[in-house]
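Undergrad: First the structure, which I've put down as structure tokens, then a few questions once you've had a look.
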Amino acid sequence: MRVNPVREWVREQRCLSSTTLQPEQKPAAPGASLALSGLRKAFGDLIAVDGVNLEVLKGECFGLLGPNGAGKTTTIEICEGLTPPDAGAVKLLGLDWRKNANELRQRIGIQLQETQFPDKLTVEETLRLFRSFYRQGLSSEEAIRVAQLEEKRKSRVGTLSGGQKQRLAMACALVGDPELLFLDEPTTGLDPQARRHLWDLVDELKRAGRTIILTTHYMDEAERLCDRVAIMDHGKIIALGTVRELISSVGGEHIVEFAVRGDAIAVDVSRLTAIDGVRSHRVDAGFHQLAVTDLHTTVPPIFAELAAMNLELSEFRTHSATLEDVFVALTGRNLRDE
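With the first letter of the sequence shown counted as 1, position 133 gets the number 133 in our numbering; the numbers rise by one all the way through.
Take a look at the structure:
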């Protein structure tokens, strides 16, 4: 039976955490791993972050979503210590960037969306370099094993595929054994198999008690990995909750979509929303979308009403409500259309 190296490493970390603390080992920070209060940042006349208040709990995988220009990148850069805020307070692991920058750099890990490594270094040399930045953490061998890059240990970075480079970036973020991990669109551009591998790695990190803050353009990724999600738009958090809570806010567990031939204005929306079980209506890219509580009781009367309006359907489909439906309802656009 093939041993999962990520799971094996997590077991080792749990065993270590159950023993007596070593002299240089850091105690866990009390309270929230990340706390933002009244966070604000402007670039000239553009207010990128407008009074954001947020807490991320220890051991939580937290997703931050938003269209381009929503302010999420600036918010994350402030949290990572890359951009100073104009106003507000930022606490990571109970510490402040202004007073505890060196300590925070030892206790967080960051994977950027695109990381430029020296092409001529090997995978092993790159991880040894990153390991040298930290007082303690994983050995380069452990990091290679966690990222499943054993066969590429001696390969130069310039020869790696996109998925292998992302795994290397993840390994570099983990080599300091961080308590808080920032993942900025970690699977963008990866093939499905590489995405699934990184998902498995994130799952194992969650089980090991790591706090993870994730930004992504893939709604299925956020649904699969995140305990809670915040949606940003125009510099503000406009929705916050578990995936189930946010989906429930759409008003129904299912979505009925249809398009009609000819004049779409001929659809009498009031007759459709009056049907028992229909919670809301919106139009997106020419498709009428109805949030409904139950398909088998609402679809027949929907068909009947459309027929009574003498409308000819060009398309009709249904699906369970998703985080994408929440995002579209709140922002008026699809996340990946940006």
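Just so it is clear, CB atoms sit at the ideal spot from N, CA and C, and this is done for glycine as well. Just so it is clear, the structure is predicted and the values come from calculations on it, not from any experiment.
Counting along the chain, where does the beta strand (DSSP E) carrying residue 255 start and finish?
TA: Here residue 255 corresponds to residue number 255 of the sequence shown, with the count starting at 1. Where residue 255 is concerned, the enclosing beta strand (DSSP E) stretches over 254-260.
Undergrad: Quick check for students: name the residue ranges of the beta strand (DSSP E) that lie wholly in the region 303-330, counting only runs of 3 or more.
TA: 313-320, all fully within the region 303-330.
Undergrad: Report the residue from 47, 129 and 223 whose alpha carbon sits nearest the alpha carbon of residue 87.
TA: For the purposes of this step, residue 87 is identified with residue 87 of the sequence shown, where counting begins at 1. Residue 47 is the option with its Cα nearest to residue 87.
Undergrad: Which residues does DSSP list as the beta-bridge partners of residue 37?
TA: Indexing the sequence shown from 1 puts residue 37 at position 37. For residue 37, which the question treats as bridged, DSSP gives the partners 89.
Undergrad: From residue 308 to residue 281, what distance separates their C-alpha atoms?
TA: Your numbering for residue 308 matches position 308 in the sequence shown. Your numbering for residue 281 matches position 281 in the sequence shown. Distance between the alpha carbons of residue 308 and residue 281: 19 Å.
Undergrad: Count the C-beta pairs between the region 280-296 and the region 220-239 that are closer than 8 Å, then say yes if the count reaches three, no if not.
TA: In short, these stretches do not touch, since the Cβ pair count stays below three.
Undergrad: Assuming residue 52 is part of the beta strand (DSSP E), what are its boundary residues?
TA: Counting from 1 along the sequence shown, the entry for residue 52 is found at position 52. Its beta strand (DSSP E) spans residues 46-56.
Undergrad: For the alpha helix (DSSP H) containing residue 222, name the first residue and the last one.
TA: Position 222 of the sequence shown, counted from the start, is the residue given in the question as residue 222. Residue 222 -> alpha helix (DSSP H) spans 219-225.
Undergrad: DSSP on residue 208, reduced to helix/strand/coil?
TA: For the purposes of this step, residue 208 is taken as the residue at position 208 of the sequence shown. Three-state DSSP puts residue 208 in coil, outside helix and strand.
Undergrad: In whole angstroms, what separates the C-alpha of residue 120 from that of residue 157?
TA: Taking the sequence shown and counting its residues from 1, one reaches residue 120 at position 120. Taking the sequence shown and counting its residues from 1, one reaches residue 157 at position 157. Between residue 120 and residue 157, the C-alpha separation is close to 6 Å.
Undergrad: From 70, 266 and 42, pick the residue whose C-alpha is nearest to that of residue 330; which is it?
TA: On the sequence shown, position 330 is the one that residue 330 refers to. Nearest C-alpha to residue 330: 70.
Undergrad: Just list the alpha helix (DSSP H) runs in the region 108-132, keeping only unbroken ones of 4 residues or longer that don't cross its boundaries, in chain order.
TA: Runs found: 123-131.
Undergrad: In this structure, does DSSP put residue 203 in helix, strand or coil?
TA: Here residue 203 refers to the residue found at position 203 of the sequence shown. Helix, per DSSP.
Undergrad: Pull up the distance between the alpha-carbon of residue 89 and that of residue 322, whole angstroms please.
TA: Along the sequence shown, one-based indexing puts residue 89 at 89. Along the sequence shown, one-based indexing puts residue 322 at 322. Between residue 89 and residue 322, the C-alpha separation is close to 33 Å.
Undergrad: Is DSSP giving residue 215 helix, strand or coil here?
TA: Taking the sequence shown and counting its residues from 1, one reaches residue 215 at position 215. Residue 215: strand per DSSP, three-state reduction.
Undergrad: Please determine, among 317, 272, 306 and 59, the residue with the shortest C-alpha to C-alpha distance to residue 179.
TA: Residue 179 sits at position 179 when you count from the first residue of the sequence shown. Considering only alpha carbons, the answer is 59.
Undergrad: Have a look at residue 215 and residue 183 and give me their C-alpha separation to the nearest angstrom.
TA: For the purposes of this step, residue 215 is identified with residue 215 of the sequence shown, where counting begins at 1. For the purposes of this step, residue 183 is identified with residue 183 of the sequence shown, where counting begins at 1. Going by the C-alpha atoms only, they are around 6 Å apart.
Undergrad: In this structure, does DSSP put residue 158 in helix, strand or coil?
TA: The count along the sequence shown starts at 1 and reaches residue 158 at position 158. In the structure shown, residue 158 sits in a helix (DSSP, three-state: H, G or I).
Undergrad: So, are the CB atoms of residue 311 and residue 266 less than 8 Å apart?
TA: Here the question's residue 311 lines up with position 311 in the sequence shown. Here the question's residue 266 lines up with position 266 in the sequence shown. The answer is yes: Cβ separation under 8 Å.
Undergrad: Below 8 Å on the Cβ atoms is my guess for residue 185 versus residue 113; work out the distance and round it to an integer in Å.
TA: In the sequence shown, the residue the question calls residue 185 occupies position 185. In the sequence shown, the residue the question calls residue 113 occupies position 113. Confirmed, Cβ separation roughly 4 Å.
Undergrad: Given this structure, state the Cα-to-Cα distance separating residue 326 from residue 36, to the nearest angstrom.
TA: Translated into positions along the sequence shown, residue 326 becomes position 326. Translated into positions along the sequence shown, residue 36 becomes position 36. Computed Cα separation, rounded: 24 Å.
Undergrad: Could you tell me which residues DSSP puts in a beta bridge with residue 280?
TA: One-based indexing of the sequence shown puts residue 280 at position 280. Answer is 291.
Undergrad: Considering Cα atoms alone, identify which of 144, 31 and 148 is closest to residue 94.
TA: As a position in the sequence shown, residue 94 is number 94, starting the count at 1. Checked all of 144, 31 and 148; the closest Cα to residue 94 is 31.
Undergrad: Using a threshold of 8 Å, state whether the C-beta atoms of residue 138 and residue 177 are closer than that.
TA: Position 138 of the sequence shown, counted from the first residue, corresponds to residue 138. Position 177 of the sequence shown, counted from the first residue, corresponds to residue 177. Yes; because the gap between Cβ atoms is below 8 Å, this pair is in contact.
Undergrad: Taking its Cβ as the centre, do 16 or more other Cβ atoms sit within 10 Å of residue 319, making it buried, or is it exposed?
TA: For the purposes of this step, residue 319 is taken as the residue at position 319 of the sequence shown. The residue in question, residue 319, is exposed, as its Cβ has fewer than 16 Cβ neighbours within 10 Å.
Undergrad: In the structure shown, what three-state DSSP assignment does residue 266 receive?
TA: Mapped onto the sequence shown, residue 266 falls at position 266. Reduced to three states, the DSSP call for residue 266 is helix.
Undergrad: Using only CA atoms, which one of 142, 239 and 198 lies nearest to residue 53?
TA: For the purposes of this step, residue 53 is identified with residue 53 of the sequence shown, where counting begins at 1. Nearest of 142, 239 and 198 to residue 53, Cα basis: 239.
Undergrad: Taking only three categories from DSSP, how would you classify residue 190?
TA: Walking along the sequence shown from the start, residue 190 turns up at place 190. Residue 190: coil per DSSP, three-state reduction.
Undergrad: From residue 97 to residue 83, what distance separates their C-alpha atoms?
TA: Here the question's residue 97 lines up with position 97 in the sequence shown. Here the question's residue 83 lines up with position 83 in the sequence shown. Distance between the alpha carbons of residue 97 and residue 83 is about 10 Å.
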